[in-house]
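Trainee: Residue numbers for the sequence shown follow this note's numbering, so the first one is 1358 and each next one is one higher. Where a beta carbon is used, it is the ideal one built from N, C-alpha and C, also for glycine.
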Amino acid sequence: MTTEVTAEVANAALDFVLRPALSAQEPPEARGVGRDGVRLLVSAGDGEPAHHRFTDLPGLLDPGDLIVVNNSATLPAAVRLDRLAVHFSTARPDGTWLVELRRRTATATEQYRGGAPGEWLPLPGGATLRLVARETPRLWRAVLDRDVETYLRGYGAPIRYAYVTRDWPIEAYQTVFATVPGSAEMPSAARPFTPELVTALVARGVGIAPITLHTGVASPEKDEPPYAERYAVPEATARLVDLTLGSGRRVVAAGTTVVRALETAAAGGLVTASEGWTTHVVTPATGVRAVTGLITGLHEPRSSHLMMLTAIAGERPLRAAYEAALRERYLWHEFGDAHLILRT
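#1: On the three-state DSSP scale, how would you describe Val-1615?
#2: Could you pull out every residue in the same chain whose Cβ sits closer than 7 angstroms to the Cβ of Leu-1474, ignoring the five residues on either side in sequence?
#3: Beta carbon of Arg-1634, beta carbon of Ala-1585: below 7 angstroms?
#4: Who are the Cβ neighbours of Thr-1453 in its own chain at under 8 angstroms, not counting the five residues just before and after it?
#5: For chain D, find out if any of its Cβ atoms is closer than 7 angstroms to the Cβ of Gly-1475; answer yes or no.
#6: CB Gly-1513 to CB Ala-1434, shorter than 7 angstroms?
#7: Please determine if the region 1452 to 1472 and the region 1646 to 1655 are in contact, where contact requires at least 3 C-beta pairs separated by less than 8 angstroms.
#8: Using only CA atoms, which one of Leu-1597, Thr-1522 and Leu-1619 lies nearest to Glu-1632?
#9: Quick one: give me the first and last residue of the beta strand (DSSP E) that Glu-1586 is part of.
#10: Run through the region 1466 to 1502 for me and flag every whole beta strand (DSSP E) of 3 or more residues, listed as ranges in chain order.
#11: Tell me the DSSP secondary structure of Phe-1445 in three-state form.
#12: Please report how far the alpha carbon of Asp-1599 lies from the alpha carbon of Leu-1441, in whole angstroms.
#13: Considering only residues of the region 1520 to 1577, which uninterrupted alpha helix (DSSP H) runs meet the minimum length of 4 residues and lie entirely inside it, listed in chain order?
#14: Rounded to whole angstroms, what's the CA-CA distance from Gln-1468 to His-1571? Just pull it up for me.
#15: Assuming Val-1645 contacts Leu-1423 under a Cβ cut-off of 8 angstroms, what Cβ separation, rounded to an integer in Å, is found between them?
#16: Cα separation between Leu-1480 and Val-1533?
#17: Select from Ala-1695, Arg-1617 and Ser-1661 the residue whose C-alpha is nearest the C-alpha of Ala-1575.
#18: Which residues in the same chain as Thr-1485 place their Cβ atom closer than 8 angstroms to its Cβ, once the five residues preceding and following it in sequence are excluded?
#19: Measuring CA to CA, which of Phe-1411, Arg-1607 and Gly-1402 is closest to Asp-1673?
#20: State the Cα-Cα distance for the pair Arg-1305 and Pro-1384, rounded to the nearest angstrom.
#21: Would you kindly work out how many angstroms separate the C-alpha atoms of Tyr-1530 and Ala-1541, rounded to a whole number?
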């Protein structure tokens, strides 16, 4: 390992330098790679990280293992004005929405600190958004004067950050499991799955079960905890998770959203059917009870997701994995490569 790479990864992989060249700027299909052809970094305990393609996934799992996926579909949650963009994050039970105001730039958007309680923003199509109150330093509670999801289908676009250099259609932000609209941003860990790969997994004897967790807007600021999100764990999925764990097989979460939902539903030990809002944050201190593996992307330095990964993988294996990903030039973000973590 070179000194340069070692210097880039510090503090249990929670702080490292992510070079701009390692941010995936476009879907793999635009790079001539199939969805399931992205690279797959595999971590298993203290063993050396291994390098695969996502198409190798069936051979990396055993008959009787279970993959739990998020069936939330991505909304075109960004509405663009002349100088601002409104990112619709999360529907609340009282009918308000959490939204983030962003200043439009030449390439994408940046944070906008303006706005005031009671302010009205005219939106395309004659709609009006009223800011109610700040929920966090970045998010507002707001009310749109019509049904939000219907409005977004007519006037919204997928949320895009500066590392993605052009717009892509909403289909590029959907996974093969997407059936329940509600996510502000794609549950991207499952993006590499294809119908053909799902067929191969089932033929291998690997089960697949759904949960729903609607993601809010990403948190690009360092040290910000995750926001509360809506989730549902069906009874059939809860039962399959408990049976799989009870038989000594692996439960592999396809994404950090799945981990959050299952660990919320495992508050009493066993996973039970539940739904509502979760504020649960998985850390090494809380540990994990419901998952023994994780399929995920590569996460930004010091993001809260890395604390969850440390809880599953362990500190040293996670550091080794990120050193390998940096050294081998894996690609980050929603259109990038994948990482399979298996507990041993």
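Mentor: Taking the definition as stated:
#1: helix
#2: Note on identity: in this sequence residue 1474 is Pro, with Leu being the wrong assignment. Once the five neighbours on either side are set aside, the close Cβ partners of Pro-1474 are Leu-1488, Val-1489 and Ala-1490.
#3: In the sequence on display, residue 1634 carries Trp and not Arg. Yes; because the gap between Cβ atoms is below 7 angstroms, this pair is in contact.
#4: Val-1489, Arg-1498, Ala-1499 and Val-1500
#5: Here chain D cannot be found, since the structure has a single protein chain.
#6: yes
#7: no
#8: When each option's Cα is compared against that of Glu-1632, the closest is Leu-1619.
#9: 1586 to 1590
#10: 1466 to 1468, 1477 to 1480, 1484 to 1491 and 1496 to 1501
#11: strand
#12: 47 angstroms
#13: 1552 to 1561
#14: 22 angstroms
#15: Rounded, the Cβ-Cβ distance is 15 angstroms, inconsistent with contact.
#16: 32 angstroms
#17: Ser-1661
#18: Trp-1477, Leu-1478, Pro-1479, Leu-1501 and Asp-1502
#19: It should be pointed out that residue 1673 corresponds to Arg in this sequence rather than to Asp. Of Phe-1411, Arg-1607 and Gly-1402, the residue nearest in Cα terms is Gly-1402.
#20: Coverage of the chain is limited to positions 1358 through 1701, which leaves residue 1305 absent and any answer about it impossible.
#21: 10 angstroms
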